[in-house]
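Asker:
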Amino acid sequence: VRSINTTVVALLPIAAVLVVGFTLLGPGTLLDLSLALFIGIGVGAYSSIFIATPLLVDLRRNEPAVRQLDKYVARHGAKAAEAAEAAEISGGAGEPVAVGSDSTGAAAPAGLPDGAPRPVHKYAQAAGPRNQPKRAPKSRR
7 VRSINTTVVA LLPIAAVLVV GFTLLGPGTL LDLSLALFIG IGVGAYSSIF IATPLLVDLR
67 RNEPAVRQLD KYVARHGAKA AEAAEAAEIS GGAGEPVAVG SDSTGAAAPA GLPDGAPRPV
127 HKYAQAAGPR NQPKRAPKSR R
């Protein structure tokens with residue numbers, strides 16, 4: 007997305023120069039240079055988005071880190087599919103049940119794998135409003 011946005015922002019003023027050069031100034035050096043620049047930026051953007059990115063993905067496919075990530079995604083994707091299928095079966099009455107929830111439809115609490123609640127820092131446990139910093143008077147600064 008950033009590459010597309012950058013390209014559009016770069017092409018807009020060049021397109022304006024092309025239009026002005028074509029309509030008001032006529033053929034000349036400005037029109038030739040702006041046309042070459044416009045085509046170059048357009049081809050470069052197309053190349054970086056539709057050619058270079060898939061090529062880089064293909065070249066990196068056999069790296070150990072990418073293979074490990076593929077295994078991780080496949081393993082967790084299968085677990086998510088099983089959970090979605092189980093939720094679909096136990097949903098009943100045509101109501102969808104969120105993945106990771108129990109049969110009552112309530113979301114399962116986030117915690118450790120054994121079901122114990124997550125440990126929370128002592129400052130996060132305090133009930134009540136968060137105290138905001140107070141600015142010291144000028145005489146104490």
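To convert a position in the sequence shown, counted from 1, into the numbering used here, add 6. Beta carbons: idealized from backbone N, C-alpha and C, even for Gly. No experiment lies behind these values; they were computed from the predicted model shown.
Assuming the contact rule is C-beta atoms closer than 8 Å, I20 and I47 should be a hit. Round their C-beta distance to whole Å, please.
Answerer: Locating residue 20 in the sequence shown gives position 14, counting from the first residue. Locating residue 47 in the sequence shown gives position 41, counting from the first residue. Contact flag correct, Cβ pair sits at about 7 Å.
Asker: Which same chain residues, not among the five before or five after G83, have their C-beta less than 8 Å away from its C-beta?
Answerer: As a first step, residue 83 is located in the sequence shown; it is residue number 77 there, counting from the start. Excluding positions up to five away in sequence, the list is empty.
Asker: Do you know whose CA, among L17, L31, L30, D76, lies nearest A42's CA?
Answerer: Here the question's residue 42 lines up with position 36 in the sequence shown. Measuring from the Cα of A42, the nearest candidate turns out to be L17.
Asker: When you compare only the Cα positions, how much space is there between L39 and V49?
Answerer: Numbered from its first residue, the sequence shown carries residue 39 at position 33. Numbered from its first residue, the sequence shown carries residue 49 at position 43. Approximately 15 Å between the Cα atoms of the pair.
Asker: Hey, how far is the Cα of V63 from the Cα of E69?
Answerer: In the sequence shown, the residue the question calls residue 63 occupies position 57. In the sequence shown, the residue the question calls residue 69 occupies position 63. One C-alpha to the other measures close to 10 Å.
Asker: At 4 residues or longer, and completely inside the stretch 46–81: list those alpha helix (DSSP H) runs for me, N to C.
Answerer: With a minimum length of 4 residues, the continuous alpha helix (DSSP H) runs that stay inside the stretch 46–81 are 59–66.
Asker: Go to L31, then tell me how far its alpha helix (DSSP H) extends in each direction, as first and last residue.
Answerer: On the sequence shown, position 25 is the one that residue 31 refers to. Segment: none, L31 is in no alpha helix (DSSP H) and carries neither H nor E.
Asker: Do the CB positions of L37 and F44 come within less than 8 Å of each other?
Answerer: Residue 37 sits at position 31 when you count from the first residue of the sequence shown. Residue 44 sits at position 38 when you count from the first residue of the sequence shown. Contact flag unset, no.
Asker: Quick one: what does DSSP say P143 is sitting in, helix, strand or coil?
Answerer: For this step, residue 143 is matched to residue 137 along the sequence shown. In the structure shown, P143 sits in coil (DSSP, three-state: anything other than H, G, I, E or B).
Asker: Between the beta-carbon of S54 and the beta-carbon of S9, is there less than 8 Å?
Answerer: The residue you call residue 54 lines up with position 48 of the sequence shown. The residue you call residue 9 lines up with position 3 of the sequence shown. Contact: yes.
Asker: What distance in whole Å lies between the Cβ atoms of V72 and R81, which are believed to be in contact at a cut-off of 8 Å?
Answerer: As a first step, residue 81 is located in the sequence shown; it is residue number 75 there, counting from the start. As a first step, residue 72 is located in the sequence shown; it is residue number 66 there, counting from the start. That pair is no contact at about 15 Å.
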